[in-house]
Every structure is written in structure tokens, then in C-alpha cells.
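**Q** If you count the sequence shown from 1, position 255 lands on 257 in the working numbering, and the numbers rise without skipping.
Ideal Cβ positions, reconstructed from N, Cα and C, are used throughout, including at glycine.
If you're wondering where the values come from, they're calculated on a predicted model, not measured in any experiment.
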Amino acid sequence: MGEPGAAHQGSGGRVALLLATAIVPPLLLTGVVFEPGMSIVTFFGIVVGLVTAVMAGPRLAMTSALVITLLGPIAVVVGLVPAAGAALMALACIGVGITAGWGVHKGTAMILLGLSYLLVDPPTIGATPAERLDNAYIAAVLVTLAVGAFWPALIVPRLLAGHDIAKPERNTRADTVEYLAVITTTCTLATWGVLTWAPETNASWLLLTLIVVVQVGPQATISKTVQRVGGTVLGGAVAAGLVALLPHNRLLGLAGLAALVLAMLTATRSRYWLFSSFMTAAIVLLSGADDPTGVDTARVGYTVLGGLIALLAILVSGWIRSGIARRHAKT
Numbered sequence: 003m004g005e006p007g008a009a010h011q012g013s014g015g016r017v018a019l020l021l022a023t024a025i026v027p028p029l030l031l032t033g034v035v036f037e038p039g040m041s042i043v044t045f046f047g048i049v050v051g052l053v054t055a056v057m058a059g060p061r062l063a064m065t066s067a068l069v070i071t072l073l074g075p076i077a078v079v080v081g082l083v084p085a086a087g088a089a090l091m092a093l094a095c096i097g098v099g100i101t102a103g104w105g106v107h108k109g110t111a112m113i114l115l116g117l118s119y120l121l122v123d124p125p126t127i128g129a130t131p132a133e134r135l136d137n138a139y140i141a142a143v144l145v146t147l148a149v150g151a152f153w154p155a156l157i158v159p160r161l162l163a164g165h166d167i168a169k170p171e172r173n174t175r176a177d178t179v180e181y182l183a184v185i186t187t188t189c190t191l192a193t194w195g196v197l198t199w200a201p202e203t204n205a206s207w208l209l210l211t212l213i214v215v216v217q218v219g220p221q222a223t224i225s226k227t228v229q230r231v232g233g234t235v236l237g238g239a240v241a242a243g244l245v246a247l248l249p250h251n252r253l254l255g256l257a258g259l260a261a262l263v264l265a266m267l268t269a270t271r272s273r274y275w276l277f278s279s280f281m282t283a284a285i286v287l288l289s290g291a292d293d294p295t296g297v298d299t300a301r302v303g304y305t306v307l308g309g310l311i312a313l314l315a316i317l318v319s320g321w322i323r324s325g326i327a328r329r330h331a332k333t
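#1: Specify whether the stretch 106 to 126 and the stretch 69 to 79 touch according to this definition: at least 3 beta carbon pairs, one from each stretch, less than 8 Å apart.
#2: Tell whether a beta-carbon distance below 8 Å holds between Ser-81 and Gly-74.
#3: Please go through the same chain and pick out, in chain order, the residues whose beta-carbon is closer than 7 Å to the beta-carbon of Gly-258, but skip the five residues on each side of it.
#4: Arg-134 by DSSP, collapsed to three states: which one?
#5: With DSSP as the reference, label Ala-176 as helix, strand or coil.
#6: If you drop the 5 nearest sequence neighbours on each side, which residues of the same chain put their C-beta closer than 6 Å to that of Ala-312?
#7: The alpha helix (DSSP H) spanning Thr-203 covers which residue range?
#8: Measuring CA to CA, which of Ala-260, Leu-248, Leu-120, Gly-51 is closest to Ala-148?
#9: So, Thr-234 versus Thr-146, is the Cβ gap smaller than 8 Å?
#10: State the start and end residues of the unbroken alpha helix (DSSP H) segment that holds Val-235.
#11: So, helix, strand or coil for Asp-292, using DSSP?
#12: Less than 8 Å separating the beta-carbons of Ala-331 and Ile-157?
#13: Could you tell me if Arg-175 is buried or exposed, where buried requires 16 or more neighbouring beta carbons within 10 angstroms of its beta carbon?
#14: Thinking C-alpha only, which one of Asn-173, Ala-327, Met-281, Leu-144 is nearest Thr-32?
#15: Measure the alpha-carbon distance for Leu-29 versus Leu-210 and round it to whole angstroms.
#16: CB-CB under 6 Å to Arg-301, same chain, minus the five flanking residues each way: which ones, in chain order?
#17: What does a CB cutoff of less than 7 Å around Asp-292 pick up in its chain, not counting 5 residues either side in sequence?
#18: What do you get for Leu-256, buried or exposed, if any count of 16 or more other CB atoms within 10 angstroms of its CB means buried?
#19: Using the Cα positions of Met-266 and Val-26, report the straight-line distance between them to the nearest angstrom.
#20: Specify the secondary structure class of Gly-258 as computed by DSSP and reduced to three states.
#21: Leaving out five residues before and five after Leu-244 in sequence, what residues of the same chain have Cβ atoms less than 6 Å from its Cβ?
#22: Would you identify the three-state DSSP class for Gly-164, choosing helix, strand or coil?
#23: What is the rounded straight-line gap between the Cα of Asn-173 and the Cα of Glu-37?
#24: Go through its chain and collect everything with a Cβ distance to Ala-58's Cβ below 6 Å, but skip five positions before and after it.
#25: Am I right that Met-135 and Val-79 are in contact with their C-beta atoms under 8 Å? What's the rounded C-beta distance?
#26: Would you mind sorting Ile-224 into buried or exposed? The rule is 16 or more other CB atoms within 10 Å of its CB.
#27: Between which two residues does the alpha helix (DSSP H) carrying Arg-61 extend?
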């Protein structure tokens with residue numbers, strides 16, 4: 003009776019050790035060398051390197067780390083022009099959509115998370131707004147992204163050596179094309195709208211929600227999409243409550259790390275809303291803010307809006323696909 007519990011505790015301990023090794027060193031380095039506000043950039047780099055290393059292997063992890071390091075500074079600059087920012091997001095979404103054919107899109111989609119944040123609301127340095135055209139600022143973004151992304155991409159595969167990691171299942175061509183079309187269309191239009199009407203705000207969470215919620219193939223059903231939306235909203239709301247109750251950043255950071263451990267433990271479970279809840283809470287708690295309570299309230303609102311847009315997009319794509327199937331059946 004006690005063996006499953008012991009095995010689960012052992013698994014949780016290994017995940018906690020893995021996350022601590024992948025997350026703590028780059029964040030400490032960023033905190034010592036750069037302004038504290040740049041830690042969020044390092045965090046998004048860590049997410050890219052960590053998730054792709056676990057889900058897709060070392061080769062794609064290194065490639066993804068290079069891509070986010072190169073595209074991140076570009077995102078900071080082109081975010082000044084809505085059309086240019088939307089074009090960059092479209093190109094990135096097409097690349098991620100193509101990887102869905104090999105089933106590794108859940109890892110590569112982490113690149114989109116980092117880009118959406120840097121496009122819409124790059125971090126401030128102290129009380130000074132982000133200087134998107136300043137060479138020193140751009141260099142700091144590049145270095146902090148590189149530190150965050152390459153460290154887990156290098157170290158995590160070595161920590162996982164000898165462990166059996168399930169290979170992702172390939173998706174059909176039809177499912178891949180549908181996912182590519184939905185993620186590219188929704189994120190591109192949302193990026194243009196956010197950069198036009200709500201730049202330098204927490205509207206980046208609308209994009210983050212679309213990226214997390216929109217999935218491929220069997221995962222793109224209405225019921226599972228509702229689960230992901232509900233989980234994302236729940237995670238944001240719980241995190242907002244914790245921010246109000248825990249005024250100290252260190253306690254929030256520990257809560258965020260705990261949420262990240264739980265997210266990794268539930269990543270392959272059938273109840274995807276649990277993963278969505280824990281991952282959203284982790285990002286909220288580890289990202290920080292000058293006015294955390296107000297910020298997290300805004301994030302929940304943008305999360306709800308993003309979820310509604312994702313549901314609408316999946317309904318439309320399902321209707322189109324059903325129509326095509328009926329026409330093929332008649333012929």
C-alpha cells in the first residue's frame with residue numbers, strides 16, 4: 003500500500019532537484035550581474051530550455067535556446083511597430099506549427115511565451131521604462147536569455163541520462179495543418195491588436211493564454227479546451243490570492259517553484275487542467291510586479307479573454323474540418 007506513495011514522493015523529489023539545478027544558478031547569476039528586473043527574461047529563457055529538454059531531447063533544446071536568444075532582442079525592437087511585431091509572431095508560430103508534425107510543439111511553443119512577453123511588455127530597469135532601442139538594454143536581454151535558455155538545455159539532458167523518457171507521438175498532417183493555422187492566425191491577430199491598443203501592459207497574458215490553450219489533434223476538442231481555459235484561469239486566480247496573502251517576494255518565489263514542480267509532475271496526466279493551473283500559477287508567482295495584486299487581477303481578465311478567443315477559433319476550425327469531411331464523404 004505504501005509503495006506507490008513512496009514512488010510518487012521519490013519522483014517529486016527528483017523533479018524538485020532537477021528544477022532547482024536548472025533554475026537557481028541562472029537566476030542567481032542574473033540577480034548578481036544585472037538588475038533584478040531582468041530575472042523575468044532569464045526565467046522565460048529557462049522555461050524554453052527546460053521544457054524542450056524534458057519533452058523533446060537535447061538537440062531540440064539547444065536549437066530552441068539559440069532561437070529564443072536570437073529572436074528575443076528582435077522582439078523587443080519590433081514591438082514598437084504593431085505590424086512588424088505581428089509578422090515576427092506569425093513566423094515563429096509557423097515554425098512551432100511545423101514541429102507539431104513530430105509532436106514536439108509543446109516544447110517549442112515555450113519560445114512563443116518568451117517572445118510574447120518581450121514584444122508587449124519588456125521588463126523595466128528600476129523605475130525606468132524599457133529602452134527598446136538602447137544597445138546596452140538589448141545586449142542585456144540577449145545575455146540574460148542565453149544564460150536562462152542554454153543552462154537547462156545543457157544540464158537537464160545530463161541529469162536525465164539513464165532515465166527512460168517517453169517519445170512524443172507524431173501528429174497527422176491534417177492535425178498539424180489545423181494547429182498551424184489556428185495558432186498562427188489567433189496569435190498574429192492578437193499580437194497586432196495588443197501592440198496597437200494595449201502596448202506596455204499585461205495584455206501579453208492574452209497571448210500566453212492562446213499559446214497554452216490551443217493544442218493539436220485529439221487535444222483540440224471543446225471539452226479539453228474548456229479544461230485548459232478553466233485551469234489557466236484557476237491558476238491565475240489562486241496566484242493572485244497568494245500574492246495578496248504573502249507580501250514577501252521570497253515566499254512568493256518558493257510558492258512559484260512549488261507550483262512549477264507540480265506542473266512538471268502533472269504534465270503527462272490526463273487531467274490537463276491541473277498542468278494548466280500549476281504552470282500559470284508558477285509563471286505569475288515567479289514573474290514579479292511592482293503592483294502584484296492589480297497586475298494579477300489584470301492577468302486573470304486577459305486570461306479569460308484569451309480563453310474565449312481560443313474556444314471560438316477551435317469551434318470555427320472544427321466546423322471547417324467537419325464541412326470538408328462531409329464533402330469528401332459525398333464524393
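**A** Based on what the coordinates show:
#1: yes
#2: With the sequence shown as reference, residue 81 is identified as Gly, and Ser is not the correct amino acid for it. In this structure, Gly-74 does not lie closer than 8 Å to Gly-81 by Cβ.
#3: Ala-284, Leu-287, Leu-288
#4: coil
#5: helix
#6: Leu-212, Val-215, Val-216
#7: Neither: Thr-203 is in no alpha helix (DSSP H) and is coded neither H nor E.
#8: Gly-51
#9: no
#10: 224 to 247
#11: Confidence in Asp-292 is poor, its pLDDT being 49 and thus under 50, which makes the residue's placement unreliable; the coordinate value appears in the next sentence. Three-state result, Asp-292: coil.
#12: no
#13: exposed
#14: Leu-144
#15: 22 Å
#16: Asn-204, Trp-207, Gly-238
#17: Because Asp-292 carries a pLDDT of 49, less than 50, the predicted location of this residue cannot be relied on, and the following value inherits that uncertainty. Cβ neighbours of Asp-292 beyond the five flanking positions: none.
#18: exposed
#19: 16 Å
#20: helix
#21: Ala-257
#22: coil
#23: 42 Å
#24: Val-106, Gly-109
#25: Checking the sequence, you will find Leu at residue 135 rather than Met. Indeed, because the Cβ distance is near 7 Å, the residues count as touching under 8 Å.
#26: exposed
#27: 60 to 80
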